[in-house]
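Residue numbers (this note's numbering): 1 to 125. A virtual CB, placed ideally from N, CA and C, is assigned to each residue, including glycine. For reference, the structure discussed in these notes is given below.
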């Protein structure tokens, strides 16, 4: 399980059939290019059907960051990827519900629960 970091903003690693993207503390328009470099369909990662966001360290997301998430999720779903997240603070969970992101991103409390659930579910598909 090799972890790659893009300019200390995002780190990614593959675990089983999951592509895990670890977010930096702040997520705004400034991070757009680095964020989209983490896209597995651009890298051609085979066997990956689920993208898992680790938002444990996120303390700030502005409206442009929310728009980037929506755009990323829309693109992922168009390419038949499932998207999930863990470590989302209660404040951002509420915002995700308000903007409708929770209709497209499954939220988990922690990494272990997310990985166990998604790995098990994807092994039956």
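Please report how far the alpha carbon of residue 34 lies from the alpha carbon of residue 80, in whole angstroms.
22 Å
Classify residue 92 as helix, strand or coil using the three-state DSSP reduction.
helix
Start-to-end residues for the beta strand (DSSP E) that takes in residue 22
18-22
Close Cβ partners of residue 20 (< 7 Å) along its chain, the five nearest in sequence each way excluded
12, 13, 52, 54
Tell me which residues share the same chain as residue 64 and place their Cβ nearer than 6 Å to its Cβ, disregarding the 5 neighbours each side in the sequence.
28, 29
Helix, strand or coil for residue 46? Go by DSSP, reduced to three states.
coil
Beta-ladder partner(s) of residue 110, from DSSP:
Beta-bridge pairing links residue 110 to no other residue.
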